[in-house]
Every structure is written in C-alpha cells, then in structure tokens.
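First comes the structure, then the notes that go with it.
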Amino acid sequence: MMQTKSGFITIVGKPNVGKSTLLNALIGEKIAITSPKVQTTRFRITGILTEEDAQFVFIDTPGMHKPIHGLGKLMDKSAENAMQDVDIICWVVDQPYRKSDEFILERIKNAGLPTILVINKIDELPSKGDIDKIIVSYLSKMEFESVVPISAKDKTHLEHLKKAVKEHLIEGPLFYPEDYITDQSQESRMGELIRERILYYTEQEVPHSVAVVIESMKHNEEIGTLDVDALIIVERDSQKGILIGKGGEKLKRIGTEARKAMNQIFDLKVHLTLWVKVQKDWRNNPNVISKYGYGE
Ligand SMILES: Nc1nc2c(ncn2[C@@H]2O[C@H](COP(=O)(O)OP(=O)(O)O)[C@@H](O)[C@H]2O)c(=O)[nH]1
Ligand SMILES: [Mg+2]
Numbered sequence: 009m010m011q012t013k014s015g016f017i018t019i020v021g022k023p024n025v026g027k028s029t030l031l032n033a034l035i036g037e038k039i040a041i042t043s044p045k046v047q048t049t050r051f052r053i054t055g056i057l058t059e060e061d062a063q064f065v066f067i068d069t070p071g072m073h074k075p076i077h078g079l080g081k082l083m084d085k086s087a088e089n090a091m092q093d094v095d096i097i098c099w100v101v102d103q104p105y106r107k108s109d110e111f112i113l114e115r116i117k118n119a120g121l122p123t124i125l126v127i128n129k130i131d132e133l134p135s136k137g138d139i140d141k142i143i144v145s146y147l148s149k150m151e152f153e154s155v156v157p158i159s160a161k162d163k164t165h166l167e168h169l170k171k172a173v174k175e176h177l178i179e180g181p182l183f184y185p186e187d188y189i190t191d192q193s194q195e196s197r198m199g200e201l202i203r204e205r206i207l208y209y210t211e212q213e214v215p216h217s218v219a220v221v222i223e224s225m226k227h228n229e230e231i232g233t234l235d236v237d238a239l240i241i242v243e244r245d246s247q248k249g250i251l252i253g254k255g256g257e258k259l260k261r262i263g264t265e266a267r268k269a270m271n272q273i274f275d276l277k278v279h280l281t282l283w284v285k286v287q288k289d290w291r292n293n294p295n296v297i298s299k300y301g302y303g304e
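Following our numbering, the numbering of the sequence shown begins with 9 at its first residue and continues without gaps.
Here it is, written out as structure tokens:
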C-alpha cells in the first residue's frame, strides 16, 4: 500500500486578496463564495483535496482586519483560531508589504508555524520585476518556508503551491473519506450562494448587513424538485426596500441567479423562495450572530 500524507493548511491574509478564489481553484469546485467586496467570507470554510498519496485540508478564513462591530470581531477571531492546530499557514498577499500588514504579520509570527508566502493575482502584474518587488518587501519581515507566485483566477502555478505544501504534510492516515470536499452542509452552502448574489447586487453597508438562513428544504417527489425556503435578514427597513427593489425586481434577480448556481453546483432542480426580515442591529447581538452560524 502507498504511504499517505495529510495535514491542515490555513489560508490567511487581508480581505480581498483572493483567499476564497484560491480555495475554490485548489479544490476545483465552488466551496467558498467570492466577490470584489471586502469581508465576503464570514466563517472558516474547509476544502478537502485528496490526491493519490496525499490529503490536503485547506481552511479558508475571513480576511484579517481591525474589527469594529460584533460580527467583525468574531470573524477576526475565527481567522486567528484557524491558525491553531494546523500544520502550515499560507499567507496570501497581492501587493508589497505595508504598515497595515503588521497586524497579520504579528499573528502569523505568534502562531509559529511553517509559513508559505503566496503572491496572488500575478495575472495583473505586468513584469517579473513587479512580482520580485512584492517578494523582497516581505522577505525581511519573517522567515518563509517558500514563496510561490500564483494566479488563483487563472489557476496558474497551483501545482507549485501544492508541492510546497506537501513537504509539510505528515505521514499517516487520511482525515476524511476520499470523496469529501468540504465539511460545510448543503444548507450552509446554499445560504452562501444567496448571499453572494446579494453582495453583487447591493452597495455600501447593505451587503455587510445581510445574513441568510435556509429555513426549510423539502424534496417534492411529484415534480422532482428540491423546494428551498430562505430567509434574508437585514438591519433596517430601508435596507429591506433596497434589497427587494422596484416591484420586487432586485430580489427576483438575486433569487433566479442563486437558484441557477444551486442547480449547477448540486446538480438539482431547486425551487427557491426568498423572504426578507428586519432584525435591528443583529451584527452586534452575539445570540443572533451565533444563531446564523457566523464567527466559527
Ligand atoms: N485578477 C485576479 N483577480 C483575482 C484573483 N484571485 C481573486 N481575484 C479577485 O479578487 C476579488 C476577491 O476575491 P476573494 O476570493 O473573494 O478574496 P478573499 O476576500 O481574500 O477571499 C474577487 O473579485 C476575485 O475575482 C487572481 O488571481 N487574479
Ligand atoms: Mg474570502
């Protein structure tokens, strides 16, 4: 029998550097939602990649930032916790080191784990000199096991990254069955797909004020559909109005696109119904935050 290696790899970095895009590219399926807006990822998401002789358990985290509200604090804590009990850290960056990176640098140093520096978005960097400039700016800050420039969007150099990670995996049995790709429930992934569409179609504070909960999922044997009822929670009446849009148009578009994504990803025929509810200031209410499954 072939000897297998396995291990846990935490993906950390500032908001918007492409951590979730990288997770999806590595696994080859949309596990974490992504968007051009900051703070898209709210809790840690596991993506599992099993190859012939190795199992990689990647953990995608909320971007690290100095939090202002209760939800933000939990998101930040979740990213910090994800650096415990793992084997390797992948620090994803997309520009030269700046003072604002110190916040993350200190936490990574404290974790004291082998760390790989991942330079993402090289498709946007015109020359090798630009990549080198980024690398040099980080090299003086701490010791890295390796430095790997990639493009998560174009899936370039992911093999290099996997090879670098593999060196730190540990010989032993696999943690998950070979066909597992995530520990997220289907409900959670569906709620996230709805939230992703909301992130695309709303601006400013609205996308960040939204939580999505799947209230029920039922198979309709007669017509072969999966009937899904989802509740969208916002913080203010005005946000509810924005989300619903003129004549309900925006909510309809969000629902249609989320449904199509669900059908494609889960190979289903989903019948999706969306509800919108106002729950004042929920992001500062610990009970509500945990009820919606965030911060873990
Ligand atoms: N050009 C380019 N854009 C990328 C790349 N990876 C991610 N992005 C974009 O960067 C934005 C943030 O990505 P996301 O994965 O949500 O970042 P996260 O907040 O770090 O998880 C999205 O608009 C992505 O499409 C890349 O390799 N190249
Ligand atoms: Mg993310």
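For every residue, glycine included, the Cβ atom is placed at its ideal position computed from N, Cα and C. None of the values given here were measured: they were computed from a predicted structure.
task = Kindly confirm or deny that the segment 24-31 and the segment 75-83 touch, where touching means at least three C-beta pairs closer than 8 Å.
result = Contact between the segment 24-31 and the segment 75-83 is absent: fewer than three C-beta pairs spanning the two stretches fall below 8 Å.
inquiry  = Between which residues of its own chain and Met-150 is the CB-CB distance below 8 Å, once the five residues before and five after are set aside?
reply    = If you ignore the 5 residues before and after Met-150, its C-beta comes within less than 8 Å of the C-beta of Leu-113, Ile-116, Lys-117, Thr-123, all in its own chain and listed in chain order.
ask   = Is DSSP giving Lys-13 helix, strand or coil here?
value = Three-state result, Lys-13: strand.
Distance cut-off 6 Å: Lys-27 Cβ against heavy atoms of ligand 2 = Flag set: Cβ of Lys-27 near ligand 2.
request  = Could you tell me if Arg-203 is buried or exposed, where buried requires 16 or more neighbouring beta carbons within 10 angstroms of its beta carbon?
outcome  = Taking all protein chains in view, the Cβ of Arg-203 is crowded by 16 or more other Cβ atoms within 10 Å, so the residue is classified as buried.
ask   = If you pair each beta-carbon of the segment 266-279 with each one of the segment 192-211, do three or more pairs fall below 8 Å?
value = These segments touch.
task = For chain B, find out if any of its Cβ atoms is closer than 7 Å to the Cβ of Lys-81; answer yes or no.
result = Looking for chain B here will not work: only one protein chain is present.
ask   = Which residue's Cα is closest to the Cα of Lys-141: Glu-153, Pro-157, Phe-152?
value = For Lys-141, the closest alpha carbon among the candidates Glu-153, Pro-157, Phe-152 is that of Pro-157.
ask   = Roughly how far, in whole angstroms, is the beta-carbon of Gln-247 from the beta-carbon of Val-220, given that I think they are within contact range, below 8 Å?
value = No, Gln-247 and Val-220 are not in contact; Cβ-Cβ is about 14 Å, not under 8 Å.
key: Any non-hydrogen atom of ligand 1 closer than 6 Å to Asp-109 Cβ   = Asp-109: no, Cβ never under 6 Å from ligand 1.
key: Beta-carbon contacts of Thr-164 that lie in its chain and below 8 Å, excluding the five residues immediately before and after   = So the list reads Ile-130, Asp-131, Ile-158, once near-sequence residues are dropped.
ask   = Which residue's Cα is closest to the Cα of Gly-180: Ile-39, Gln-63, Ile-252?
value = Ranking Ile-39, Gln-63, Ile-252 by Cα distance to Gly-180 puts Gln-63 first.
inquiry  = Mapping the DSSP letters down to three states, classify Ser-148 as helix, strand or coil.
reply    = Reduced to three states, the DSSP call for Ser-148 is coil.
request  = Figure out for me which residue from Lys-226, Ile-67, Lys-299 has the closest Cα to the Cα of Asp-191.
outcome  = Distances from the CA of Asp-191 to each of Lys-226, Ile-67, Lys-299 were compared; the closest alpha carbon is that of Ile-67.
inquiry  = Could you compute how far the alpha carbon of Asp-162 sits from the alpha carbon of Glu-257?
reply    = Asp-162 and Glu-257 have their C-alpha atoms some 33 Å from each other.
query = Terminal residues of the continuous beta strand (DSSP E) containing Met-83?
reply = That residue, Met-83, is in no beta strand (DSSP E); its alpha helix (DSSP H) goes 78-89.
task = Identify which residue in Met-72, Lys-285, Asp-187 has its Cα closest to the Cα of Val-218.
result = For the residues Met-72, Lys-285, Asp-187, the minimum Cα distance to Val-218 belongs to Lys-285.
query = Distance, Cα to Cα, Glu-322 vs Trp-290?
reply = The requested residue 322 does not occur in the structure, where the chain is confined to residues 9 to 304.
query = Are Ile-53 and Val-65 close, meaning C-beta to C-beta below 7 Å?
reply = The answer is no: Cβ separation not under 7 Å.
key: Under the three-state DSSP convention, the category Lys-260 falls into   = Of the three classes helix, strand and coil, the one that applies to Lys-260 here is helix, per DSSP.
key: Tyr-184 versus Ser-193: straight-line alpha-carbon distance, rounded   = Between the alpha carbons of Tyr-184 and Ser-193 lies a gap of roughly 15 Å.
task = Determine, using beta carbons only, whether His-77 and Asn-292 come nearer to each other than 7 Å.
result = In contact: His-77 and Asn-292 (Cβ atoms closer than 7 Å).
Residue range of the unbroken beta strand (DSSP E) whose run includes Gly-55 = Its beta strand (DSSP E) spans residues 53-58.
query = Considering only residues of the same chain and omitting the five flanking positions on each side of Lys-27, which have a CB-CB separation below 6 Å?
reply = The beta carbon of Lys-27 sits closer than 6 Å to the beta carbons of Ile-19, Gly-21, Asp-68, Val-100 from its chain, once the five residues preceding and following it are set aside; these are given in chain order.
request  = Mind checking which residues open and close the alpha helix (DSSP H) that includes Pro-294?
outcome  = Going by DSSP, Pro-294 is part of the alpha helix (DSSP H) stretching over 294-299.
inquiry  = I'd like the list of long-range same chain contacts for Phe-152, defined as Cβ closer than 6 Å, with 5 residues on each side in sequence excluded.
reply    = Same-chain partners within the cutoff: Thr-123, Leu-125.
message = For a test of the three-state rule: what should DSSP assign to Thr-29, helix, strand or coil?
response = Assigned with DSSP and collapsed to three states, Thr-29 falls in helix.
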